[in-house]
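Undergrad: Residue numbers (my numbering), protein chains in the order written: chain A, 11 to 121; chain B, 1180 to 1287.
Every residue gets a Cβ at the ideal spot worked out from N, C-alpha and C, and that includes glycine.
(1) With a CB to CB cut of under 7 Å and the five nearest residues on each side skipped, what residues in its chain are close to residue 1224/B?
(2) Which same chain residues, not among the five before or five after residue 100/A, have their C-beta less than 7 Å away from its C-beta?
(3) Who are the neighbours of residue 114/A on chain B, taking C-beta pairs under 8 Å?
(4) Against chain A, which members of the segment 1261 to 1277 of chain B pass a CB distance test of less than 8 Å?
(5) Say whether chain A places a C-beta atom closer than 8 Å to the C-beta of residue 1279/B.
(6) Would you say the segment 75 to 83 of chain A touches the segment 20 to 29 of chain A, given that touching needs at least three Cβ pairs under 8 Å?
(7) Under the three-state reduction of DSSP, which class applies to residue 94/A: helix, strand or coil?
(8) From 72/A, 93/A, 78/A, pick the residue whose C-alpha is nearest to that of residue 33/A; which is it?
(9) Would the segment 1247 to 1267 of chain B and the segment 1188 to 1204 of chain B be scored as touching if the rule is three or more Cβ pairs under 8 Å?
(10) Considering only C-alpha positions, which residue in the set 60/A, 37/A, 54/A is nearest to residue 107/A?
(11) Kindly list, in the order they appear in chain B, the residues whose Cβ is closer than 7 Å to that of residue 53/A.
(12) Please report whether the beta-carbon of residue 1224/B lies at a distance below 8 Å from any beta-carbon of chain A.
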């Protein structure tokens, strides 16, 4: 158990819908990262937050947004969902730019 | 060409063999990570390197910054080492770039 929690574990929704994925980092970790893993693209970095502020941005679509709240938990919002958004979404946390601890992931299926 | 290349893509070996997985990158980096992903999907960070060599149990990771190359070695491999091993780099803009992974299968 990494200490990072993600909810929900599984999510099935329809195209055009909007969903919110939630991540609680390990106690004391200020950095939160979001990743997408699909079968054809592998792991891709979406975005990093550090203590509430956006720190780095990867290949995050405009339809996706994220934020980190004062209690350090983070949410990833995915809107206008497309079939191609079906993937595993991982959250990870770290103290700063150090070793990352990964959550179990949220499996999203868009039908 | 991908900015992070791993080789081999797939590797099958007998229990006890010495395993080497390679990672080459083409961008300036501040750190390199080796990750392990088991068939169930969970991801574990094995090493974070910015220079030199690190060892943890039967695992050894090395990095050569000048040659932009890192290796992950597994000594006395065991079937429980079967997993996908992923190399990732943090570039100078703090973006994280992943290799496509090496699928390792250790036969008993």
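TA: For this structure:
(1) 1212, 1214
(2) 45, 47, 112, 113, 115
(3) 1220, 1221
(4) 1265, 1267, 1269, 1272, 1273, 1274, 1275, 1276, 1277
(5) yes
(6) no
(7) helix
(8) 78/A
(9) yes
(10) 60/A
(11) 1265, 1277
(12) yes
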